[in-house]
Every structure is written in C-alpha cells, then in structure tokens.
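The numbers in the working numbering rise by one with no breaks, and the one at position 544 of the sequence shown is 545.
Just so you know, even glycine gets a beta-carbon here, dropped at the ideal spot from N, CA and C.
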Amino acid sequence: MYDEKKYQYTSKKAMSDASEGVGNSLAAWNNQSGGETFYVIFDSGVYTNSYWVERWHVPDRNLESPSHENAWTYVRPATPQEMAEHGNPTEGIVEPSPDKTQILQPDDLTEKTYVDVNYFPDGSGSNLSYTAARVCKSMYNEYEQDRTRDRPHLKVSAYVTDWCQYDARLPPESRALQPAEDVKPGRGFDLENIPPTAYDRLVFSFLAIYGDKGKLGKEIEAVADGWNSQVEADEAITHGHIVPVDPYGDLGTTRNVAVPPDDRREVGPHNFLQYYNQEAASGLLGGLRNLQERAKKVGHKLELAFSIGGWSMSGYFSPMVKDPQQRRAFVESVVDFFRRFPMFTAVDIDWEYPGTSGEEGNEWDEEHDGPNYAILVGELRKALDGAFGTRARKEITIASSAVVGKLKKSNIRGLIENGLDNIFVMTYDFFGTGWADWIGHHTNLYAPPYAENNPDRLYDLSADEAIQYLINDEGVPPGKIHLGFANYGRSCIGANLSDRTYTKPGMALGTMENGAPEFFCLLNNQFDCEHQLALGKNGFKLMTDTAADADILFNPVGNHYISLDTPRTVMQKGIYADKEKLGGIFSWSGDQDDGLLANAAREGTGYIPKKGREVIDMGPLYNRGELFELPATDQGKIKTAARKRKISKD
2 MYDEKKYQYT SKKAMSDASE GVGNSLAAWN NQSGGETFYV IFDSGVYTNS YWVERWHVPD
62 RNLESPSHEN AWTYVRPATP QEMAEHGNPT EGIVEPSPDK TQILQPDDLT EKTYVDVNYF
122 PDGSGSNLSY TAARVCKSMY NEYEQDRTRD RPHLKVSAYV TDWCQYDARL PPESRALQPA
182 EDVKPGRGFD LENIPPTAYD RLVFSFLAIY GDKGKLGKEI EAVADGWNSQ VEADEAITHG
242 HIVPVDPYGD LGTTRNVAVP PDDRREVGPH NFLQYYNQEA ASGLLGGLRN LQERAKKVGH
302 KLELAFSIGG WSMSGYFSPM VKDPQQRRAF VESVVDFFRR FPMFTAVDID WEYPGTSGEE
362 GNEWDEEHDG PNYAILVGEL RKALDGAFGT RARKEITIAS SAVVGKLKKS NIRGLIENGL
422 DNIFVMTYDF FGTGWADWIG HHTNLYAPPY AENNPDRLYD LSADEAIQYL INDEGVPPGK
482 IHLGFANYGR SCIGANLSDR TYTKPGMALG TMENGAPEFF CLLNNQFDCE HQLALGKNGF
542 KLMTDTAADA DILFNPVGNH YISLDTPRTV MQKGIYADKE KLGGIFSWSG DQDDGLLANA
602 AREGTGYIPK KGREVIDMGP LYNRGELFEL PATDQGKIKT AARKRKISKD
C-alpha cells in the first residue's frame, strides 16, 4: 500500500509523533513495519525506529546508525519488568508473509515445455527451461521525482533486443519470413508490458556492420545484398555501412512489439528499404516509436538510442576503424539512420572489445584499435554536429567492459576528448560457467577486501573498481558514466562455496542458454518475491556475500549456484550511482525483467512511487539472505588462468 511517509526516510514527516513516550507503546519485536514510531524490546534492549521500518529490519545493537537497510536505533537496556511483561525475543527470524503479491501467472506453453524437456525447478532434471516471459505479470511501478532533492535524478535505461519477441511455441505470423530465432522456444516478451514511463532511455539492439563474417555473417551479407538490389548501382552500400540483421523483426512484425496487427508487413532482405523509416516501420522499431509517442502524451520524455555491434557482432570493428573509407561508410550510414528515424537521439557503439579478444574468431589489434577508435568517434562527432547541429544534437555513447585491463586498451581518454558523451559500463559477466576457473560473482558492486592484494583480480572484479578507475585514472566526469545491472543470472553446478571450485564442463541451469537463467525464469522457479520477502524456493536459499555486497541462490542438493542481481542489489547499485553522481543506471536487458529490478533502480536513485500508481510495494523485497563470504582463492592458480586468457594485469 502506498504511503508517502515511506519514501522520506530522513524526514520527521516520515514518522508519527517522535516525542511519544515509551510507556504503553512498548512491545516485543515482532516484524513491526510502517511509518509510526515503534518502541520494541529485542535481546534485552529497547529500540526505536528512526524512519519507516520494514518487517525484515532486525534490531542490532552493533549498528552505528540507522540506514535504509535497518531503521532501528538502540535506546537503552530493557528492564527485567519490561521483558517479563512484553517478552524478550533474541532471534531475528523473519518468515514469509501469508499475504501474497501475485507476480507469477500460468503459461501453459512453458509448463508443457518443462515436461517435454524434463526440467525441474530444483535442478534435478535438464538444465534449460525455455521459460517464456509470459510467466510473469508486468510489475512496473510509476515513479516521480523527489522535489526535495538538491540535485537532478539519474537516468534509468535499458537495452531492448529485437529477438526477444520470438517464441516458436506461438503460431508464426509469417512462416515464409520466419527468422532463425522463431523456430525454437523463445522469450516471447511483449513490449506492451513496458509502460511508457518505466525508463528514461531504451536502447534498440542491435545493428550490424556490413563486412562482418562472424556468427551472423550470412544474415548480414543477405541484408546488404538485398539493400543493393533495391538501389541504383551508384547508391550501393560498401563494407563499414551499418545494416539491420533481422528486417522482419525490426520492421515487419506486430506481435509482442506494441504494433497493431493490421500493420504487419511482409518484410525481408529483398524489400525492406521501403519500410526502413520511422513512418512506415512496424516491428520493434515501430513499437519503440509508438512507445515514445505514448510517453510524450503522458508528459514523460523517453529517449531512444540504437546500438551497433554487441557480443556476436563485434568482429568487424577492428578492420573497419583502421580503414578510412570504411570509417566514412560507417559514419555516413549512422547519419543516414538518424535521418530515417529521427526518434533516436543517440548512437551506442558496443564493441567487445577494442585491443583485446571478445568472441572467438574476432579480429583485434592491441596496438591500434584504441587510437583508431578515437578517430572514428571524432569523425562521427563532426559528422553528426554538421548534419544536426546543436539544437537537435545527437549523442555518442559506448558500451564498455568493466574489466580494468580491457578498459586500458579502449583509449577512454581519447574517446572522451574526441566527443564521446556517455559510457555504459557493462558491470556484469564477471563470472560465467565454463570459462571461469573459480566461482565468483556475476555482477557484484564491490570486490572482497582480499582482492586488493591480488595482482590479477581475475575473478574478484567489481563494478566499483571499474567506476573508480574511469573517474580517477581516466579522468571521466562521473556524469558520463552509467552503471549496469543484469536481468539474468550466471550459474554453475557442483559448486563448493568453501574452495570456490565447480564442475566446469557441467550443464548449469539456464533459460535459453547454458548457465544463464533469466529473471522471469528465476522468479518462476528458484526466487520467491511473492510473500513480502525475497527468498529462495524449490530447494534454493538466498544468500548474501557481505564482502562483495552480492546475492546468490544456492541449492546444496546438486550444489547448484546462481549469482544474480536481486531487488536489493539493484537498489544498492542505484544508491551507489546516486552517491557517486553518475549519469545513470541501466540494465541488460529490459526484456528479461518484469519490472521488479527496474523499480529497484528507480528507488535506489531516489525516485518516489506516484500515489495510486504503485503496483507492488518494493520495500519488503530489499532484505539480505543468509550471510556468508566467498573465501580467497589460490592466487597462483589465478595467475596461471590470467596468462591463459591473455587478460592484462592491472
């Protein structure tokens, strides 16, 4: 239930009369919650709450001061008479509430798939669930700015993928144009589930570079050939030009992209150019246009950006940036895309990674990628300013690694000097099954203290380390940095929390790929957020690493380990980003979230739910799990791993 007092933590307005005496209001601690002033007895002490208290806040005499994680303040010892009359609980046990907040909803197609593939939520069956986004309701709250703040609010952004719409379990809209993503179970995420006010920026993902011969090389070549078949010879595109990878999903579909069914287009590589503009587009591009228009109607500014590259399409950046003619083709095609789709205000370059390896088979040049990258950004800045001026200025952003060794090769300082506007730091994938030699955290805010003495820091990376490096070593203004959170987890099996080993070749729990369970899937199977408390389920328990400020789900049967962002950790990231005066916080990806993590990002950065527009009270979900710490690993083995993976030493 919405209560304006809840979001005024440091204000006396948040409380009932603070002068109220202890007297008759004294009671034993029993998960009290709310905005009134409580006086409770716990472990032989009397406590009062300094602001709104959640039921999972447990009185603790060792706390130096109240915080958003615990509102209780120690007052004095309890007298024997008070303890005899009211009781003296000594254990801070918080049970799930019987009052259920309905987050999940039935999806028969997903349940049938579980049976077909022998998937069980406890991990005892097959590892992949193929859970559709349909298993969750849309849980986005609507937020407004806190007018009492003395500084602007941060932006909350998300990447959105053009393949998230597909799910072969649904009847195809067009079998003739059915792309590869639509012949297997998919996410089936509906863009309609993202309210127009949910984000400040959405990033369309991805466009490709013509000339890329990687995993999607055939699709890229087909689109480029199709483009050239639709134009005169002197207008033919050349290597370096950006192109869509899935014209049908980007321009033709209507299901799951917030476009009316009657607007479906039979779009393919052979005919897409007539729809390759803002007015004619259906597909995800048309849906984003419609979402932006809806946002404008309700008074919200929704910015749109388009991203080029990504993990699977970064292999051609290095050849492109070293060739002046291809750089020119790239720059001119970016300008052309902005003209075709004026709804976009930013271009995002997602090169994974300049000067070092990314996906297997990628080309990279350790010596020249960084300098050439800066040249590209400078040429792009000049072209965009010349084409659109300052009144309709277009931003240039990048998605960067959060590994300091990789950042050093990206020439960040040169990019900023040549006109880069913002850096979206991918502070996730610090751990992953199969390639990581030790269990670690996937998207932790801090590194454990022992990492400071580890010269390699291979598996104890952190968001804070990357952010502080950018600010202090590269001189990046904090307002240009955006901190990432993950709407998916990283998992493994055979996990030993004592020595951090795991079954490296094992088939770990995932949704569409091994070891990568998405947030919808986690909510449906291993992570319970429906009973006013965040906790594990189906044999999994929620645990919090206090050194890294990171959460995991762990099932000792099979030793299933899932590192993930929870509402608590995302809120913590929002608080951190706000404290460090960063430019914003963002997720990969918006189509993997039902709204809970986006809500946490809003609340962490200081936004307040609008009265009457709060779908779910997030406060009860910010609790920690069972406390633990991952121990230090063998540094000698970590050094060996660093050499094998050619990761530079900090």
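The DSSP assignment places no complete alpha helix (DSSP H) segment of no fewer than 4 residues inside the segment 239-278. Nearest in C-alpha terms to histidine 58, of all of Leu631, Leu622, Leu217, is Leu622.
Excluding its 5 nearest sequence neighbours in each direction, glycine 605 has C-beta neighbours in its own chain below 6 Å: Met572, Gly575, Ile576, listed in chain order. By the Cβ-count criterion, isoleucine 563 is buried, with 16 or more other Cβ atoms from all chains shown falling within 10 Å of its own Cβ. One alpha carbon belongs to valine 232, the other to alanine 282, and they sit about 19 Å apart.
For glycine 507, the closest alpha carbon among the candidates Thr434, Ala29, Arg295 is that of Thr434. Exposure of leucine 628 is indicated by the presence of fewer than 16 other C-beta atoms within 10 angstroms of its C-beta.
Runs of the alpha helix (DSSP H) lying entirely within the segment 286-363, each at least 4 residues long, are 318-322, 325-341 in chain order.
Between the C-alpha atoms of arginine 603 and tryptophan 228 there is a straight-line separation of about 41 Å. Sorting Gly511, Met513, Thr512, Ala496 by C-alpha distance to the C-alpha of lysine 505 places Ala496 at the top. DSSP places methionine 427 inside the beta strand (DSSP E), whose first and last residues are 423-427. Asparagine 488 sits in coil when the DSSP states are folded into three classes, being neither helix nor strand.
By the Cβ-count criterion, isoleucine 494 is buried, with 16 or more other Cβ atoms from all chains shown falling within 10 Å of its own Cβ.
Here tryptophan 365 is buried: its Cβ has 16 or more other Cβ atoms, across all protein chains shown, within 10 Å.
When the Cα atoms are used, proline 270 and leucine 252 turn out to be separated by approximately 11 Å. The beta carbon of leucine 292 lies closer than 8 Å to those of Leu192, Ile195, Pro197, Leu203, Ala259, Leu303 in the same chain, with the five residues before and after it left out.
The residues Tyr489, Thr512, Gln593, in chain order, have a CB closer than 6 Å to that of glutamate 519 in the same chain once the five nearest residues on each side in sequence are set aside. Looking from the CA of proline 186, the closest CA among Arg56, Thr111, Phe486, Glu333 belongs to Thr111. Excluding its 5 nearest sequence neighbours in each direction, asparagine 89 has C-beta neighbours in its own chain below 8 Å: Ala29, Ile42, Phe43, Asp44, Ser45, Ala79, listed in chain order. In this structure, leucine 484 sits near isoleucine 586, with a CB-CB distance shorter than 8 Å. Going by DSSP, methionine 544 is part of the beta strand (DSSP E) stretching over 542-546. Secondary structure note for isoleucine 104: it is in no alpha helix (DSSP H), with a DSSP letter that is neither H nor E.
Of the candidates Val616, Gln533, Val558, Gln533 places its Cα closest to the Cα of serine 98.
Annotation note: the segment 163-241 contains the following uninterrupted alpha helix (DSSP H) runs of length 4 or greater, listed N- to C-terminal: 218-230. The beta-carbon separation of glycine 390 and isoleucine 350, rounded to 22 Å, does not stay under the 8 Å limit for a contact. Rounded to whole angstroms, the separation of the alpha carbons of asparagine 373 and aspartate 546 is 41 Å.
Closest option to serine 308, judged by alpha-carbon separation, among Arg62, Thr346, Arg295, Cys530: Thr346. Remark: C-beta atoms of serine 313 and glycine 371 do not approach each other more closely than 8 Å. Distance between glycine 406 and proline 632, taken at the CA atoms: about 23 Å. Excluding five sequence positions before and after tyrosine 277, the CB atoms of its chain that fall closer than 7 Å to its own CB belong to Leu252, Arg341, given in chain order. Between the segment 519-528 and the segment 463-475 there are fewer than three C-beta pairs closer than 8 Å, too few to call the two in contact. When the beta-carbon positions are compared, alanine 487 and aspartate 566 come within less than 8 Å of each other. If you compare the alpha carbons of Ala437, Tyr429, Trp439 with that of asparagine 445, the shortest gap goes to Tyr429. In the structure shown, the three-state DSSP call for serine 26 is helix. Under the three-state reduction of DSSP output, glycine 36 falls in the coil class, being neither helix nor strand. Taking a 10 Å sphere around the C-beta of valine 299, we find fewer than 16 other C-beta atoms and assign the residue as exposed.
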